[in-house]
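K.L.:
So the protein sequences, as listed, match chains C and E. Quick note, the first sequence lines up with residues 18 to 907 if you use the working numbering. Quick note, the second sequence lines up with residues 99 to 222 if you use the working numbering. Quick reminder that beta carbons are idealized off the backbone N, C-alpha and C, glycines included.
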Amino acid sequence: MMNEWLTRLKFLARFLFSRRQHEILDEELQFHLEQSTAAHMALGMTATEARRQALIEFGGVERTREQCHEQRPGWWLGTLAQDVRYALRGFKRSPVFTLAVIATLALGIGATTAVFSVVDRILFRPLPYAHDDRLVSFGLVQSLERQEFTLGGFFYEWRDNQKPFESVTFEQGVSECNLTEANPVHLHCAQVAQNFLSTLGISPILGRNFLPEEDLPNGPKVALLTDGLWLSRYNRDPGVLNTSINLDGHLFRVVGVLPKDFEMPRLQATDVVTPAAMDVAAQHTVNSGIGYPMWAFARLKPGISVAQAQQQMEPLYLHTQQWIPAQFRSEFHLQVRSIRDRQMQEAYRAAWVLLGAVFAVLLIACANVASLFSARGAARERELAVRSALGATRGRLIRQTLTEALLLAVAGAGAGFAVAEILLRTFIAIAPTGIPLMAQARLDLRIGWFTLLLTLVCAALFGILPALQKPRPTALAARSARSGGSALVRRILVGAQIAITVVLLSGASLLVRSFWNLEQQSLGMQTQNVLTVHIPLTWARYNNGQAFLDFHLRAEAALRRLPGVTAVAMSDSIPPDSNSWHGGVRYPDLFVVGRPRPAAGVGGTVIVRAVTPSYFHILRIPILQGQGFAEEDRRSGANSMILSKLLASRLFPEGDAIGQHIQIATYMPYFALKGPVFTVVGIAGNVKNGGLAGQDDPEYYTLRHSGPEDWSNHTVMLVETALPASVVAPWIRGQIAQLDATAPVEIETLTKSVGKLADRPRFETALVGFFAFCGLLMALIGLYGVIAYIAAQRTQEIGVRMALGATRWNILRLIAGQGLRLIVFGGLAGLGAALASAQLLKGLLFNVQPRDPATYLAVVLVLGLVALAATLLPARAATQVQPVEALRYE
Amino acid sequence: MLLSNIEGSVMPPSTDLLQGTLDLLILQTLALGPMHGWGVAQRIQQISKEVLQVGQGSLYPALHRLEYKGWIEADWGNSDNNRRAKFYSLTATGRKQLETELETWERFSSAIALVLGRVPEAQA
Numbered sequence: 018m019m020n021e022w023l024t025r026l027k028f029l030a031r032f033l034f035s036r037r038q039h040e041i042l043d044e045e046l047q048f049h050l051e052q053s054t055a056a057h058m059a060l061g062m063t064a065t066e067a068r069r070q071a072l073i074e075f076g077g078v079e080r081t082r083e084q085c086h087e088q089r090p091g092w093w094l095g096t097l098a099q100d101v102r103y104a105l106r107g108f109k110r111s112p113v114f115t116l117a118v119i120a121t122l123a124l125g126i127g128a129t130t131a132v133f134s135v136v137d138r139i140l141f142r143p144l145p146y147a148h149d150d151r152l153v154s155f156g157l158v159q160s161l162e163r164q165e166f167t168l169g170g171f172f173y174e175w176r177d178n179q180k181p182f183e184s185v186t187f188e189q190g191v192s193e194c195n196l197t198e199a200n201p202v203h204l205h206c207a208q209v210a211q212n213f214l215s216t217l218g219i220s221p222i223l224g225r226n227f228l229p230e231e232d233l234p235n236g237p238k239v240a241l242l243t244d245g246l247w248l249s250r251y252n253r254d255p256g257v258l259n260t261s262i263n264l265d266g267h268l269f270r271v272v273g274v275l276p277k278d279f280e281m282p283r284l285q286a287t288d289v290v291t292p293a294a295m296d297v298a299a300q301h302t303v304n305s306g307i308g309y310p311m312w313a314f315a316r317l318k319p320g321i322s323v324a325q326a327q328q329q330m331e332p333l334y335l336h337t338q339q340w341i342p343a344q345f346r347s348e349f350h351l352q353v354r355s356i357r358d359r360q361m362q363e364a365y366r367a368a369w370v371l372l373g374a375v376f377a378v379l380l381i382a383c384a385n386v387a388s389l390f391s392a393r394g395a396a397r398e399r400e401l402a403v404r405s406a407l408g409a410t411r412g413r414l415i416r417q418t419l420t421e422a423l424l425l426a427v428a429g430a431g432a433g434f435a436v437a438e439i440l441l442r443t444f445i446a447i448a449p450t451g452i453p454l455m456a457q458a459r460l461d462l463r464i465g466w467f468t469l470l471l472t473l474v475c476a477a478l479f480g481i482l483p484a485l486q487k488p489r490p491t492a493l494a495a496r497s498a499r500s501g502g503s504a505l506v507r508r509i510l511v512g513a514q515i516a517i518t519v520v521l522l523s524g525a526s527l528l529v530r531s532f533w534n535l536e537q538q539s540l541g542m543q544t545q546n547v548l549t550v551h552i553p554l555t556w557a558r559y560n561n562g563q564a565f566l567d568f569h570l571r572a573e574a575a576l577r578r579l580p581g582v583t584a585v586a587m588s589d590s591i592p593p594d595s596n597s598w599h600g601g602v603r604y605p606d607l608f609v610v611g612r613p614r615p616a617a618g619v620g621g622t623v624i625v626r627a628v629t630p631s632y633f634h635i636l637r638i639p640i641l642q643g644q645g646f647a648e649e650d651r652r653s654g655a656n657s658m659i660l661s662k663l664l665a666s667r668l669f670p671e672g673d674a675i676g677q678h679i680q681i682a683t684y685m686p687y688f689a690l691k692g693p694v695f696t697v698v699g700i701a702g703n704v705k706n707g708g709l710a711g712q713d714d715p716e717y718y719t720l721r722h723s724g725p726e727d728w729s730n731h732t733v734m735l736v737e738t739a740l741p742a743s744v745v746a747p748w749i750r751g752q753i754a755q756l757d758a759t760a761p762v763e764i765e766t767l768t769k770s771v772g773k774l775a776d777r778p779r780f781e782t783a784l785v786g787f788f789a790f791c792g793l794l795m796a797l798i799g800l801y802g803v804i805a806y807i808a809a810q811r812t813q814e815i816g817v818r819m820a821l822g823a824t825r826w827n828i829l830r831l832i833a834g835q836g837l838r839l840i841v842f843g844g845l846a847g848l849g850a851a852l853a854s855a856q857l858l859k860g861l862l863f864n865v866q867p868r869d870p871a872t873y874l875a876v877v878l879v880l881g882l883v884a885l886a887a888t889l890l891p892a893r894a895a896t897q898v899q900p901v902e903a904l905r906y907e
Numbered sequence: 099m100l101l102s103n104i105e106g107s108v109m110p111p112s113t114d115l116l117q118g119t120l121d122l123l124i125l126q127t128l129a130l131g132p133m134h135g136w137g138v139a140q141r142i143q144q145i146s147k148e149v150l151q152v153g154q155g156s157l158y159p160a161l162h163r164l165e166y167k168g169w170i171e172a173d174w175g176n177s178d179n180n181r182r183a184k185f186y187s188l189t190a191t192g193r194k195q196l197e198t199e200l201e202t203w204e205r206f207s208s209a210i211a212l213v214l215g216r217v218p219e220a221q222a
């Protein structure tokens, strides 16, 4: 066996490296013929007659020679080279076809690969946890908080009595912390349970996990570093193990480093992980007896599904319901879902829309390549018939077509992967920070190959069809080759492309309109010339309200003194944010003094902001009635309140708001009416406060007094200045550094921070818009190609018609009419599909109906016009034909 | 492809070669000793008493194929009339192959004989 292989190899090598093969064979055959001739001459024939007889007996010498070659292993390599040469010559002869196919492939492969690379990370990537499909997140949900959370009081009860989980753990959220050493940095520290890493199936790449005794109250302070911090701060020095780092003034011993792909299950940015060191016994006393908030995760036991887990946890939840104040009990539910679902909730819809767009582009690319190849195949029917008549086998013809498809695919794939790389980089550059894991997206070549294969199959299928049909003898005779069947297929393909393009275009136009609405809407405030200054002070350094008050009053005074700064205000949050740290109050908890109590359970949320008087001036929020806060009230301690117009009109429909007194109910944890009584001094204009696309809620403002109870680290400074941010920012930093050199300062223009909120819709719009553009381009290429082919094939016919007196207008109508029919049928089909699938976009649209008539009209008009142009160009070329030339055609 | 009776008009009527039997014939012929292509053709014709007509054109592809399979090998030598010629000879693998092919052939031909022998009985 071995021997046999060796011999084969030897022959292959001889074949590949020797050029003498031909000569040797010739010599051998020559010898045979000479012997044969001699034998015949011995029978008495003349030399000529003997040679003639020898040749007759031998049969075709050339055929024998060829057959001998074909015995050689790897002989087809030679014909492959021939096929390639032939294909390249063909491409040179029809550059439009070649370029159209390569462009289609490049666009198709590029776009699909780039987007799949992004979407794959969101939808299908494996989470960096062992057996991530067994991991769930569970906890309470209610109308104000739809992301499940839990509280210490519930968690330990659940943990000790649950059945469906192998192990249960929690994290206590990520808080801001400062590395207070030389070169202070602002970090994010996560507090987790001791079994957090083991439950998720993560092991440190260096050092070890926390020990149980380190997770006890007042236990040794230890920390795990993430790879990011380890790299940026310690240059991945393993010596960092067992050293101490100073976090907010406390020394923590580094016991390990987390793997590079570590991430919190809720995807918060994290630099340091420390044990939560939870006091279990205290969970029924602290925080009004319900315990500290936390987020619970668990690993399912084998064979238990998420739904089963939810079922099994339900009785436990009902048992623990007793700790929820009675009037809210019905609002709470237990929720168990996979970590993946929790992570991807909002990204899901966008990802699916993108995937749909990718799929549409893929279809168009495929249809395009198929119709181009089919058109070429039809045009070459005659050529194939000639080659077949000259002795080419059908296999050879098919191989020729496949070679061409392969060559184009290689060129298209090369260009496509380059396009994909560029696109992906662009995506990452313009992607909003909110899209999880965007920055880590890498080119995923699997989909590239998949696209390539798919288009190749399309091309080969439609290219081979004409080669498969036994070349008709008539094709040889026909002056212009036309095959009716494949022409119909081609038209259907082009019609389908137009239809898909309509779907893509209308989706994109809806998103563009929605984005436009989002950008153009009135925020109720102005964002020009305002800087936001956020100084994340830590509780470790500033341990009471007085400390925060002192710092911020001094900072306010310092910033006011800066040249070019015209006003400084402070708030706890800035619209259009809904005030993410203060959940607001319920509408029924606003009690107007001297009026009956409103019905509980109706009215939704009211946003609350605590601001200093200049807030309204800087943001240009108009005081519509009454007056704003006064500077002197900050010291007097008067409890004044300003209502938004929306809130005022709901609380006081008669318009008698000014001067009324309002008290806010508190729950600690039970209903109480002990807070200060506020006096309504003014009514302010409505400001967007539910995010850019959210619904506006009523809002009220309270005055931030110069007393410690009104101050915490939740403070944002607003600085009004006409100078550019780049000039003022260093001055602000300098002033803050004089107050506290360890305090990090984050400065941003308000325009930019508001603009960030539109990042996500901008991203989605850009992507889908890009796809629509790709689709349109390809559909146009397809349409143009088909009409051009039709025109070229009918050149002779056109000549005859013109010779018989047809006008150029007649010809134009003849050729363009076919294109028009395609546009109309494709457009109508696409319109139907677009209207049917429009509901999918609903969640992504702002102030636009998914079936907005104007949008669809615009799409139809644009597509119709552009497609018409793509038809008229080649059709017009057909009318330029000189009858005499046309009759001589081919 | 290996069947040939193109020259039927010149030569006496001959039997078509069964597909695959040409290989067997070549191997059997070369088992007698190294021989060039012309010699193989002559030999087959002589031994089969002119009944088996080997298309000379199809002989060479078969020789080449067997060579690539490693069953025979070629060497340059001098012919009877002192002409340089390519001589083929059986390799060890070829010899083994010849044995298996002979066995197969015997089984096959006896099976045919069996079938043919029973035809008249069935008709009777």
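#1: Verify the CB distance criterion: does Pro132 (chain E) have a CB-CB separation below 9 Å to chain C?
#2: Can you tell me the Cα-Cα spacing of Arg272 (chain E) and Trp174 (chain E), whole angstroms?
#3: Decide if the segment 619-635 of chain C is in contact with the segment 571-587 of chain C; the criterion is three or more beta carbon pairs, one per stretch, under 8 Å apart.
#4: Could you name the residues of chain E that Thr81 (chain C) contacts, counting a contact when the two beta carbons are closer than 7 Å?
#5: Measure the Cβ-Cβ separation of Thr732 (chain C) and Thr544 (chain C) and say whether it is below 9 Å.
#6: Which one or two residues does DSSP pair with Gly175 (chain E) in a beta bridge?
#7: Excluding the 5 residues flanking Trp728 (chain C) on each side, which residues of the same chain have their C-beta closer than 7 Å to its C-beta?
#8: Buried or exposed: which applies to His336 (chain C), given that a residue is buried once 16 or more other Cβ atoms fall within 10 Å of its Cβ?
#9: If you scan the segment 103-164 of chain C from start to end, which runs of the alpha helix (DSSP H) of 4 or more residues do you find wholly inside it?
#10: Spatial neighbours of Thr719 (chain C) within its chain, please: C-beta separation below 6 Å, excluding the five flanking residues on both sides.
#11: According to DSSP, is Asn864 (chain C) helix, strand or coil?
#12: Under 7 Å Cβ to Cβ from Thr738 (chain C), same chain only, skipping five residues before and after it: list those, please.
#13: So which residues on chain C does Trp136 (chain E) lean against when the C-beta distance must stay under 8 Å?
#14: Kindly indicate the opening and closing residues of the beta strand (DSSP E) around Leu607 (chain C).
#15: Give the range of the alpha helix (DSSP H) segment to which Asn178 (chain C) is assigned.
#16: Kindly indicate which residue of C:Leu196, C:Phe390 and C:Leu50 has the alpha-carbon position closest to the one of Ile119 (chain C).
#17: Could you tell me which residues DSSP puts in a beta bridge with Gln208 (chain C)?
#18: Let me check understanding here. Comparing Cα to Cα, which of C:Arg357, C:Glu198, C:Phe314 and C:Gln642 lies closest to Asn263 (chain C)?
#19: Taking buried to mean at least 16 other C-beta atoms within 10 Å of its own C-beta, is Asp673 (chain C) buried or exposed?
#20: When burial is assigned at 16 or more other CB atoms within 10 Å of the CB, is Leu470 (chain C) buried or exposed?
#21: In or out: Thr198 (chain E) buried (at least 16 other Cβ within 10 Å) or exposed?
#22: Could you spell out where the beta strand (DSSP E) holding Ala655 (chain C) opens and where it closes?
#23: Please list, in chain order, all residues of the same chain as Leu690 (chain C) whose beta carbon is under 7 Å from its beta carbon, the five residues on each side excluded.
#24: Give the straight-line distance between the Cα atoms of Leu124 (chain C) and Leu473 (chain C), rounded to the nearest whole angstrom.
#25: Taking 9 Å as the threshold (beta carbon to beta carbon), is Glu74 (chain C) in contact with chain E?
#26: Quick one: Cα of Arg868 (chain C) to Cα of Arg530 (chain C), how far?
#27: Just curious, the alpha helix (DSSP H) that Trp136 (chain E) is in, first and last residue?
#28: Are the C-beta atoms of Leu60 (chain C) and some chain E residue less than 9 Å apart?
#29: Considering only residues of the same chain and omitting the five flanking positions on each side of Gly847 (chain C), which have a CB-CB separation below 7 Å?
#30: Between Leu522 (chain C) and Leu880 (chain C), what straight-line distance do the alpha-carbon atoms span, to the nearest angstrom?
#31: Grab me the residues of Ala222 (chain E)'s own chain with a C-beta within less than 6 Å of its C-beta, minus the 5 sequence neighbours each way, in chain order.
#32: When the Cα atoms are used, what is the spatial distance from His57 (chain C) to Ala67 (chain C)?
#33: Quick check on Met542 (chain C): does DSSP put it in helix, strand or coil?
#34: Using only the alpha-carbon positions, how far apart do Ile764 (chain C) and Phe863 (chain C) sit?
#35: Let's test the definition: count the other Cβ atoms within 10 Å of the Cβ of Thr206 (chain E) and tell me whether it reaches 16, buried, or not, exposed.
P.N.:
Walking through what the data contain:
#1: no
#2: The first residue shown for chain E is 99 and the last is 222, placing residue 272 (chain E) beyond what the model contains.
#3: yes
#4: Gly155, Tyr158 and Pro159
#5: no
#6: E:Ala183
#7: Gly562, Phe565, Leu566 and His569
#8: exposed
#9: 112-136
#10: Ala627 and Met658
#11: coil
#12: Asn546, Leu548, Gly581, Val582, Thr583 and Val745
#13: Phe48, His49, Gln52 and Ser53
#14: Leu607 to Val609
#15: Gly169 to Asn178
#16: C:Phe390
#17: C:Thr291
#18: C:Glu198
#19: exposed
#20: exposed
#21: exposed
#22: Note, Ala655 (chain C): premise wrong, no beta strand (DSSP E); not H, not E.
#23: Phe608, Gln680 and Ala682
#24: 14 Å
#25: yes
#26: 12 Å
#27: Gly135 to Ile145
#28: no
#29: Ile515, Ala516, Ile517, Thr518, Val519 and Val520
#30: 8 Å
#31: Below a pLDDT of 50, predicted positions are generally treated as unreliable, and Ala222 (chain E), at 36, falls in that range; the measurement from the model is reported next regardless. The answer is none, since no qualifying residue turns up.
#32: 5 Å
#33: coil
#34: 30 Å
#35: The amino acid occupying residue 206 (chain E) in the given sequence is Phe; Thr does not appear at that position. Exposed, because fewer than 16 other Cβ atoms sit within 10 Å of the Cβ of Phe206 (chain E).
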